[in-house]
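If you read the sequence shown in my numbering, its first letter stands for residue 3, the second for the next number, and so on. From the three backbone atoms N, C-alpha and C, an ideal C-beta is built for every residue, glycine too. What follows is a set of notes on a single structure, which appears directly below.
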Amino acid sequence: MTSELKNDRFLRALRREETDCTPIWIMRQAGRYLPEYRATRKVAGDFLTLCKTPELACEVTLQPLERFDLDAAILFSDILTIPDAMGLGLSLNEGVGPKFANPVRTVDAIKALPVIDVQEELAYVFDAVRLIRSELDGRVPLIGFTGSPWTLMTYMVEGGSSKDFKFAKGMLHCEPKMSHVLLDRTADAVIAYLKAQVEAGAQALMVFDTWAGALSTPQYMEFSLAYMWKIVNALKEDEKTRDIPVTLFSKGGGLWLEKIAATGCDGVGLDWGVPISYARELIGDRVALQGNLDPTVLYANPETVRREAKLVLDDFGAHPGHIFNLGHGIHPGIDPENVKALVDTVHEHSANIRKQEAGS
Ligand code: CP3
3 MTSELKNDRF LRALRREETD CTPIWIMRQA GRYLPEYRAT RKVAGDFLTL CKTPELACEV
63 TLQPLERFDL DAAILFSDIL TIPDAMGLGL SLNEGVGPKF ANPVRTVDAI KALPVIDVQE
123 ELAYVFDAVR LIRSELDGRV PLIGFTGSPW TLMTYMVEGG SSKDFKFAKG MLHCEPKMSH
183 VLLDRTADAV IAYLKAQVEA GAQALMVFDT WAGALSTPQY MEFSLAYMWK IVNALKEDEK
243 TRDIPVTLFS KGGGLWLEKI AATGCDGVGL DWGVPISYAR ELIGDRVALQ GNLDPTVLYA
303 NPETVRREAK LVLDDFGAHP GHIFNLGHGI HPGIDPENVK ALVDTVHEHS ANIRKQEAGS
């Protein structure tokens, strides 16, 4: 599959193979910081319609690639498509964030959750994946993604975003068995969803555990990492998904990197709290590392962006297996010119590091 690609730096880096320079993509690279995204969203009317209209989802997926020399595309969708398909009644309004009309807070509500037929309920996602692959025509690989069971549980139980996770963490403390039923069911849906994305054409997978850092260490092991294991095992046991690289991103998970790497995943995503050299010392030879520039650096000027990007590259050093990214999603207020400075600096400076290494 790699051979059909015109640019396979991203997949090579995930396999810890040599590349001419460090590949880069940006979490939330399609989004509100791009005026062309805002224009397409206006055409769609609202965010969910944008996700559910494959032609428009394809259009916004490709927008950042037209502007910047990115090394991967990521499917334009959302992690909340699974709970939406389970009938929780998702709405997403500007300034309000995601809301579920029917949060899941009782044993009965968990028992009543339907086992979804992902092929049917989420067909619009797979249609988008097929269309994007066809439009990409091998320019760069396409990343498919999901939320982790724990991160999805926070939205399902809270009914939206939360600062304190009162209900979701309350459920872990008071109803651990019930929590496991919910997480296990969600993990099954996640596995079916990822497999179907690969079948439709996704060439790499990413699991976003955005709210890992809300958990204590024992809670993370029991309620989040255990389901990451389940997901990675299921993908690696299936011959259709075995060779598709999987990256796990647990935001706030700096303390647990060795455990995350031990799941059998191919890449570990880092937030900006962990020095990338420290992560490499711990786990860098076993997995690829993705990250980890502080996204707020992009509020500064191009000169600062270039300086800070070089610091991350120098800190990783001249080894294979680095995929440059931000430590979390790009913010809506960022100037696209700074993104261009970032992407170009990553390619140029990492190529220079390789030249210097070869000459020394
Ligand atoms: O990276 C990409 O370009 C692909 C698209 C993508 C979106 N959401 C689009 C989106 C991806 C990978 C996601 C994942 C996602 N969604 C996560 C995990 C990654 C992370 O950032 O932590 C989470 C926690 C969500 C849930 C979610 N979706 C929230 C909390 C919000 C509202 C926050 C906000 O910025 O308004 C969304 C909406 C959302 N998902 C937008 C986009 C571009 C903004 C919607 C809009 O107003 O256009």
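May I ask you to list the residues that DSSP assigns as paired with LYS101? SER93 and GLY162
Helix, strand or coil for SER252, going by three-state DSSP, please let me know. strand
Is the region 219 to 233 touching the region 187 to 197, taking contact as three or more C-beta pairs under 8 Å? Contact holds: three or more Cβ-Cβ distances are below 8 Å.
Beta-carbon gap between PHE2 and ILE81 smaller than 8 Å: One cannot answer for residue 2 here, as it falls past the ends of the chain, which runs 3 to 362.
Measure from the alpha carbon of GLY286 to the alpha carbon of each residue in ILE325, LEU295 and LEU300, then state which is nearest. ILE325
To test your reading of the DSSP string, which unbroken alpha helix (DSSP H) runs of 4 or more residues are found completely within the region 52 to 87? 56 to 69 and 83 to 87
Buried versus exposed, by CB contacts within 10 Å (16 or more), HIS175: The C-beta of HIS175 has fewer than 16 other C-beta atoms within 10 Å across all chains shown, which makes the residue exposed.
Going by DSSP in three states, ILE246 sits in which element: helix, strand or coil? coil
Within a Cβ cutoff of 7 Å, which residues of the same chain sit near ALA343, ignoring the five residues on either side of it in sequence? PRO304, VAL307 and ARG308
State yes or no: is the C-beta of SER79 nearer than 7 Å to some heavy atom of the ligand CP3? yes
Tell whether a beta-carbon distance below 8 Å holds between GLY254 and MET29. no
Within 10 angstroms of the Cβ of GLY203, are there 16 or more other Cβ atoms? Answer buried if so, exposed if not. buried
If you check the beta carbons only, do LEU67 and VAL142 fall under 8 Å apart? yes
Quick one: residues in its chain with C-beta nearer than 7 Å to the C-beta of ARG18, no 5 flanking neighbours on either side, listed in chain order? ALA290, PRO322 and GLY323
Residues in the same chain with beta-carbon distance under 7 Å from VAL345, minus the five sequence neighbours each way, listed in chain order, please. Only ILE26, PHE70, ASP71 and LEU72 meet the Cβ criterion.
If the criterion is Cβ atoms closer than 8 Å, does the pair LEU184 and VAL120 meet it? no
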